[in-house]
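Residue numbers (our numbering), protein chains in the order written: chain A, 188 to 379; chain B, 3 to 328.
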């Protein structure tokens with residue numbers, strides 16, 4: 188994680204604090220400030236990759252193959268989200284994800300970019316809007332090489348190698364998922 | 003049986019290989035079996051019954067492997083199973099493959115069973131009394147033979163003047179152009195053995211042929227915790243290594259279907275071959291045959307020995323699984 192200013196008072200560790208930040212006194216935002224708004228490990232794609240590790244099958248000799256060995260990672264995708272405040276009511280949201288990799292899948296590193304703005308329809312209300320875009324972060328499942336003895340060696344979907352699907356057909360079911368690419372957030376808050 | 007069958011120097015007689023209806027616990031009288039299953043001249047061993055066709059549901063008599071095999075949607079598509087059997091006689095018997103009691107001809111039963119195992123396979127019927135050569139369809143072919151050709155014991159198979167029908171089948175098994183699933187027989191003797199002074203010369207002719215599989219019957223489907231044993235009526239592999247290496251067993255759970263006999267073992271292997279063929283679409287009949295033989299299980303059988311069970315109990319799930327993966 189990285190910070191551009193020394194204003195540690197404005198650091199935040201959860202996304203919920205965005206509201207608090209935007210609702211803070213205008214005096215706080217007089218200088219450009221970068222705040223950490225969220226740090227977390229894991230994501231829907233991480234969960235999906237982990238889910239691929241459920242199950243297994245027997246090889247021809249009866250030995251058990253567990254998917255778990257292929258879909259676990261020593262490092263879980265970490266996401267750091269930051270907010271650089273440009274003006275009293277606007278800021279740039281940005282961040283990154285480290286990605287993660289197991290033997291048979293990879294979540295590539297990601298970069299998040301966006302903005303946050305707010306207005307005050309009335310003295311005691313705040314309307315906030317943010318839009319973020321994520322670049323990268325794709326989950327890609329890798330194939331296995333399966334030997335079927337006399338029937339040949341094929342590149343296959345590791346999880347479906349023992350199914351009734353033709354070996355080459357299993358490749359159609361390799362997971363290739365993108366993270367949520369755009370996120371629009373609208374919030375209206377009234378204080379009374 | 004047509005007239006030209008009798009033109010052979012040594013006449014063989016068709017015998018359908020289903021066993022008499024009886025509970026698995028009731029060991030049959032040997033004489034009764036002989037009379038029913040391979041008597042001299044044209045004999046037909048009548049026995050069990052057969053199921054209704056076209057229903058794609060996993061039945062209790064099937065191995066759990068079958069349901070797992072269907073889960074991915076591949077059920078024998080693109081493969082042709084030709085049932086060489088009785089489709090014309092007036093002999094019918096009753097049974098229930100889980101779709102209601104039916105009364106059908108022997109061939110109608112075996113055809114239905116194969117179709118239930120591999121519902122998307124193309125099933126063709128060839129009445130064995132026509133004696134004409136069995137034709138092959140484009141793609142992978144599986145021939146189901148739930149019958150035997152019996153004659154007085156003591157001849158060599160090459161002394162038999164085969165009809166075009168059996169000659170074509172033997173040729174396919176020799177050249178490896180079709181998987182040939184042959185019911186082992188219901189005389190509780192070694193495949194090709196002498197019983198009542200007669201032998202199944204079709205067994206003898208197929209021995210050592212690359213795509214021939216002899217199929218014996220277990221009284222149930224075996225598991226590692228509930229091992230199965232050879233059905234009381236089933237022929238066994240015997241001491242000939244050429245038979246042992248091409249002999250499989252499958253569960254024929256007559257207590258659930260009312261159908262007994264290796265006649266109902268062979269269609270299961272035919273169906274398995276079709277399912278494997280629908281997965282490995284470029285595989286040759288020899289490769290499919292070897293896959294079935296090489297993946298048979300011995301740990302699901304009571305006191306396994308090659309002379310009884312041959313290669314063991316066919317395992318569809320293992321036949322579909324890789325040898326290794328990385």
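Heads up, the beta-carbon is just placed ideally off N, CA and C, and yes, glycines get one too.
- Taking all protein chains shown into account, residue 261 (chain B) has 16 or more neighbouring C-beta atoms within 10 Å of its C-beta and is therefore buried.
- Residue pairing by DSSP places residue 196 (chain B) in no beta bridge whatsoever.
- Residue 193 (chain B) and residue 205 (chain B) have their alpha carbons spaced roughly 7 Å apart.
- The beta-carbon distance between residue 100 (chain B) and residue 61 (chain B), rounded to whole angstroms, is 4 Å. This is short enough to meet the 8 Å contact definition.
- For residue 328 (chain A), no Cβ of chain B is located within less than 8 Å of the residue's own Cβ.
- Under the three-state reduction of DSSP, residue 68 (chain B) is assigned to helix.
- Per DSSP, the unbroken alpha helix (DSSP H) holding residue 111 (chain B) starts and ends at 108 to 119.
- Along the region 295 to 364 of chain A, the beta strand (DSSP E) occurs as fully enclosed runs of 3 or more residues at 297 to 309, 312 to 323, 326 to 328, 331 to 334, 340 to 343, listed in sequence order.
- Contact between residue 320 (chain B) and residue 247 (chain A) holds, since their C-beta atoms are separated by about 5 Å, short of 8 Å.
- Under the 10 Å beta carbon count, residue 359 (chain A) is surrounded by fewer than 16 other beta carbons and is classified as exposed.
- Check the Cα spacing between residue 266 (chain B) and each of B:91, B:103, B:113: the tightest is with B:113.
- Proximity to residue 86 (chain B) across B:79, B:149, B:140 peaks at B:149, based on C-alpha coordinates.
- For the 8 Å CB-CB criterion, residue 299 (chain A) and residue 280 (chain A) form a contact.
- Under the Cβ distance rule, residue 287 (chain B) does not count among the residues neighbouring chain A, no pair being separated by less than 8 Å.
- Proximity of residue 120 (chain B) to chain A, defined by a Cβ-Cβ separation below 8 Å, is not satisfied.
- The Cβ atoms of residue 289 (chain A) and residue 333 (chain A) do not sit closer than 8 Å to each other.
- Under the three-state reduction of DSSP output, residue 154 (chain B) falls in the strand class.
- Using a 10 angstroms sphere on the CB of residue 174 (chain B), the tally of other CB atoms reaches 16 or more, which defines it as buried.
- Here the alpha carbon of residue 329 (chain A) sits roughly 41 Å from the alpha carbon of residue 220 (chain A).
- At a cut-off of 8 Å between beta-carbon atoms, residue 305 (chain B) makes no contact with chain A.
- Inter-residue distance for residue 244 (chain B) and residue 349 (chain A) is about 29 Å (C-alpha atoms, whole angstroms).
- For residue 98 (chain B), no alpha helix (DSSP H) encloses it, and the DSSP letter there is neither H nor E.
- Linking residue 281 (chain B) to residue 353 (chain A) through their CA atoms gives a straight-line distance of about 4 Å.
- Taking residue 90 (chain B) as reference, the option from B:109, B:98, B:276, B:83 with the minimal CA-CA separation is B:109.
- No Cβ of chain B is located within less than 8 Å of the beta carbon of residue 241 (chain A).
- With the criterion set as a beta carbon lying under 7 Å from some beta carbon of chain B, the members of the region 317 to 343 of chain A are 331, 332, 333, 334, 335, 336, 337, 338, in sequence order.
- Contact between residue 176 (chain B) and residue 211 (chain B) is confirmed by a C-beta separation of about 5 Å, below the 8 Å threshold.
- Scanning its chain for C-beta atoms nearer than 7 Å, with the 5 sequence neighbours on each side dropped, one finds around residue 233 (chain A) the residues 263, 264, 287, 294, in chain order.
- Put simply, the CB of residue 323 (chain B) is near chain A, with a gap under 8 Å to one of its CB atoms.
- Residue 251 (chain A) has its alpha-carbon roughly 33 Å from the corresponding atom of residue 296 (chain A).
- Judged by DSSP in its simplified three-state form, residue 280 (chain A) adopts strand.
- Boundaries of the beta strand (DSSP E) harbouring residue 253 (chain B): 249 to 253, taken from the DSSP string.
- Counted as a single uninterrupted DSSP element, the stretch harbouring residue 160 (chain B) is not any alpha helix (DSSP H), since DSSP gives it neither H nor E.
- Within the region 136 to 155 of chain B, no residue places its CB atom closer than 8 Å to a CB of chain A.
- Contact annotation: residue 259 (chain B) and residue 63 (chain B) have beta-carbon atoms nearer than 8 Å.
- Per DSSP, residue 228 (chain A) lies in no alpha helix (DSSP H); the unbroken beta strand (DSSP E) holding it starts and ends at 220 to 228.
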